[in-house]
Amino acid sequence: ELKVEQNPLFLSMQEGKNYTIYCNYSTTSDRLYWYRQDPGKSLESLFVLLSNGAVKQEGRLMASLDTKARLSTLHITAAVHDLSATYFCAVGETSGSRLTFGEGTQLTVNP
Amino acid sequence: NAGVTQTPKFRILKIGQSMTLQCAQDMNHNYMYWYRQDPGMGLKLIYYSVGAGITDKGEVPNGYNVSRSTTEDFPLRLELAAPSQTSVYFCASSWTGLLNQPQHFGDGTRLSIL
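In order, the protein sequences belong to chains C and E.
Taking the working numbering, the leading residue of the first sequence gets 5, the next gets one more, and so forth.
Taking the working numbering, the leading residue of the second sequence gets 109, the next gets one more, and so forth.
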């Protein structure tokens, strides 16, 4: 059974600071997704990572995937208040279309 | 584009009642999914479908049923609602279900069972 663990689950940081969210998973997979969810809203796709060593960046967010370590990171650079949200990683099963989601990291960026 | 449309947005049910949550997508996606999200938690897969006429169980299917008679629609049926089914339900779809296509999510249905 595929298990996905994120840490930290809660993160409070100051504007301008850097931080990293970690996503570990238990079995082999070569695709990982990051989503953002604002309170009371739906999930918005941020990144799709499909191979070992994949790195993608959008604005102040950068995601990477290490399939050998079964680890993905979401790095936040110079955080701003607008990044406050819950971030989920989701790992795809190796054969098939199903995703397993982590519990989410609730990020609060304080002025 | 409307994307993935879920109705209703909110609903309160009494224990033992039944209802159908509607999900429709206009992107011609062949893969569709139903998830539930409990407070402060991630999403858990209830059922999914890889095409019209084909459905399969996810992680938490008990107490739910689905059907997929068309590519566009994927309704979720709750029979004999229980308080444990109080949750936010999300429908999602994707083009192939594979690799480089993220799942696109609807706005969710917030369901309370009292």
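Where is the CB? At the ideal position from N, CA and C, for every residue including glycine.
All of these numbers come straight from a predicted model, not from anything done at the bench.
Asked	Found
Quick one: does C:E107 have its CB under 8 Å from some CB of chain E?	yes
Please report the Cβ distance between C:S68 and C:D34, rounded to the nearest whole angstrom; I am assuming they are in contact, meaning their Cβ atoms lie under 8 Å.	Going by Cβ atoms, the distance from C:S68 to C:D34 rounds to 14 Å, so no, they are not a contact pair.
Using 8 Å as the threshold, is the C-beta distance between E:T204 and E:Y155 below it?	no
Would C:L120 count as contacting chain E if we go by Cβ distances under 8 Å?	For chain C, the structure presents residues 5 to 115; residue 120 of chain C sits outside this window and is missing.
Is there a Cβ of chain E sitting closer than 8 Å to that of C:R40, yes or no?	no
Going by DSSP, what residue range makes up the beta strand (DSSP E) through C:Q61?	V59 to E62
Can you name, in chain order, every residue of its own chain whose Cβ lies under 7 Å from the Cβ of E:Y172, other than the five neighbours on each side?	I154, Y155, L184, R185 and L186
Can you find a C-beta in chain E that's less than 8 Å from the C-beta of C:V52?	yes
With 8 Å as the threshold, decide whether the Cβ of C:Y37 is near any Cβ in chain E.	yes
Where C:L103 and C:Y37 are concerned, what is the direct C-alpha to C-alpha distance, given to the nearest angstrom?	9 Å
Select from E:A132, E:V168, E:Q209 and E:T128 the residue whose C-alpha is nearest the C-alpha of C:V95.	E:Q209
Return helix, strand or coil for C:L50, following the three-state DSSP convention.	strand
Using the rule of at least 16 other Cβ atoms within 10 Å of the residue's Cβ for burial, across every protein chain shown, is E:Q125 buried or exposed?	exposed
Using CA coordinates, which residue listed in C:G100, C:R74, C:S30 and C:T24 is at the minimum distance from C:Y91?	C:T24
When the distance is taken between beta carbons, is C:H85 closer than 8 Å to C:P43?	no
For the beta strand (DSSP E) holding E:G159, just list the boundary residues, first then last.	L151 to G159
Mind checking which residues open and close the beta strand (DSSP E) that includes C:F14?	F14 to Q18
Comparing the C-beta of C:S46 with each C-beta of chain E, is any distance below 8 Å?	yes
If E:F198 sits next to C:S49, beta carbons under 8 Å apart, how far is it from one beta carbon to the other, in whole angstroms?	Not really, about 13 Å apart at Cβ, beyond 8 Å.
Cutting at 7 Å between CB atoms, please list the residues of its own chain near C:P12, excluding the five before and the five after it.	T109
Quick one: which unbroken beta strand (DSSP E) runs of 3-plus residues sit fully inside the region 110 to 179 of chain E? Chain order, please.	112 to 115, 118 to 121, 127 to 133, 139 to 145, 151 to 159, 162 to 165 and 172 to 174
Cβ of C:R74 less than 8 Å from any chain E Cβ?	no
Helix, strand or coil for C:R30? Go by DSSP, reduced to three states.	Arg is not the amino acid found at residue 30 of chain C; the sequence shown has Ser there. Reduced to three states, the DSSP call for C:S30 is coil.
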